[in-house]
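Working notes for the structure below.
In my numbering, the protein residues as written are 6 to 289.
Spelled out as structure tokens, the structure:
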């Protein structure tokens with residue numbers, strides 16, 4: 006397995022601390038990571054800037070493992086639907102310029118979606134994902150969705166989309182923490198989804214029950230619980246059990262720390278990275 010960091014973990018430093026992309030890459034290398042996942046928040050990524058970003062990573066000895074963007078193919082407007090597909094294809098071109106072989110895009114979002122609307126939307130979303138992954142395959146880029154955004158977050162919905170797309174180039178960016186957002190047992194969900202993963206995000210949350218007030222930094226789950234990002238290994242999710250599941254599986258690809266806590270982002274990312282790397286080495 007290859008251990009790395011999502012640039013999203015360091016969004017706070019990028020936005021508010023005057024840290025540059027080159028600084029981030031150097032720091033990620035210094036904590037012992039071998040790859041960085043590019044999420045274009047806090048800095049711009051375009052066809053014009055992609056080559057520079059790729060060279061910056063190469064100069065410090067980091068691989069760029071994945072390129073991750075937002076997308077939404079749920080619309081009744083056929084023109085808007087096709088426009089969104091073309092926009093994501095343009096990002097595939099950017100991924101190629103970054104010289105990455107994995108790209109994650111979102112696929113569906115609704116604020117009031119139900120299982121009924123999901124079943125109705127499934128074929129349209131699958132058609133878009135299939136068209137994009139076919140396009141990406143010409144570059145040798147594997148595309149994936151993530152269990153993310155509430156509407157397409159539970160393991161059964163993710164697996165339903167993967168099955169409906171039915172393309173060998175279309176996989177899953179498996180975020181082990183995101184299942185908590187829809188109140189799903191994270192250890193069980195990871196076991197179900199791991200065989201389909203091309204990338205694993207390791208994330209942790211503090212979890213509180215419904216009777217707690219929603220304070221700053223906390224978000225409400227689909228079922229009304231409260232969760233807040235933590236340093237990986239210090240929250241309430243069964244991270245050790247999840248790491249044991251990963252270690253005992255055939256998965257041997259990218260592992261990426263994604264920190265979303267309220268602590269200093271560089272400290273939180275470094276502590277989580279060290280914990281995961283050491284724990285998985287012991288499991289090996």
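For glycine and all other residues, C-beta sits at the position ideal for the given N, C-alpha and C.
For a quick check, are the C-beta atoms of residue i and residue j less than 7 Å apart?
i, j, result
"residue 183", "residue 152", "yes"
"residue 203", "residue 162", "no"
"residue 112", "residue 150", "yes"
"residue 160", "residue 197", "yes"
"residue 21", "residue 43", "no"
"residue 10", "residue 274", "yes"
"residue 94", "residue 140", "yes"
"residue 146", "residue 100", "yes"
"residue 224", "residue 277", "no"
"residue 97", "residue 134", "no"
Following the continuous alpha helix (DSSP H) through residue i, name the residue where it begins and the one where it ends.
i, result
"residue 52", "52 to 65"
"residue 272", "270 to 288"
"residue 25", "Residue 25 -> no alpha helix (DSSP H), and no H or E assigned at all."
"residue 168", "160 to 170"
Residue i lies in the beta strand (DSSP E); which residues open and close that run?
i, result
"residue 71", "68 to 74"
"residue 212", "209 to 213"
"residue 147", "147 to 151"
"residue 231", "231 to 235"
"residue 246", "Counting along the chain, residue 246 falls outside any beta strand (DSSP E), though it belongs to the alpha helix (DSSP H) covering 244 to 253."
"residue 9", "7 to 11"
"residue 223", "Unbroken run through residue 223: none, as it is neither H nor E."
"residue 262", "259 to 262"
In whole angstroms, give me the CA-to-CA distance for residue i and residue j.
i, j, result
"residue 286", "residue 38", "14 Å"
"residue 271", "residue 253", "30 Å"
"residue 33", "residue 189", "31 Å"
"residue 192", "residue 247", "6 Å"
"residue 243", "residue 23", "35 Å"
"residue 57", "residue 122", "42 Å"
"residue 199", "residue 229", "27 Å"
"residue 257", "residue 46", "28 Å"
"residue 181", "residue 222", "20 Å"
"residue 8", "residue 282", "7 Å"
"residue 284", "residue 130", "38 Å"
"residue 51", "residue 240", "36 Å"
"residue 126", "residue 166", "10 Å"
"residue 245", "residue 238", "7 Å"
Tell me whether residue i sits in a helix, a strand or coil according to DSSP, three-state version.
i, result
"residue 123", "helix"
"residue 103", "coil"
"residue 202", "strand"
"residue 43", "strand"
"residue 184", "helix"
"residue 115", "coil"
"residue 175", "strand"
Might you give, ordered along the chain, the residues of its own chain that have their beta carbon closer than 7 Å to the beta carbon of residue i, omitting 5 neighbours on each side?
i, result
"residue 114", "77, 79, 154 and 156"
"residue 265", "208 and 234"
"residue 185", "191, 210, 212, 226, 232 and 242"
"residue 48", "19 and 26"
Is any heavy atom in the ligand ATP found nearer than 6 Å to the beta carbon of residue i?
i, result
"residue 93", "Inclusion of the ligand ATP in the displayed structure is not the case, the ligand content being empty and no account of it being possible."
For residue i, I'd like the list of residues in its chain whose CB is within less than 8 Å of its CB, leaving aside the five on either flank, ordered along the chain.
i, result
"residue 62", "30, 41, 68 and 69"
"residue 59", "69, 102, 103 and 104"
"residue 109", "71, 72, 73, 74, 148, 149, 150, 151, 178 and 204"
"residue 90", "78, 133, 136 and 137"
Counting only beta-carbon separations shorter than 7 Å, does residue i have a partner in chain D?
i, result
"residue 156", "Reference to chain D is not applicable here, since this structure consists of a single protein chain."
If you drop the 5 nearest sequence neighbours on each side, which residues of the same chain put their C-beta closer than 6 Å to that of residue i?
i, result
"residue 206", "180, 261 and 263"
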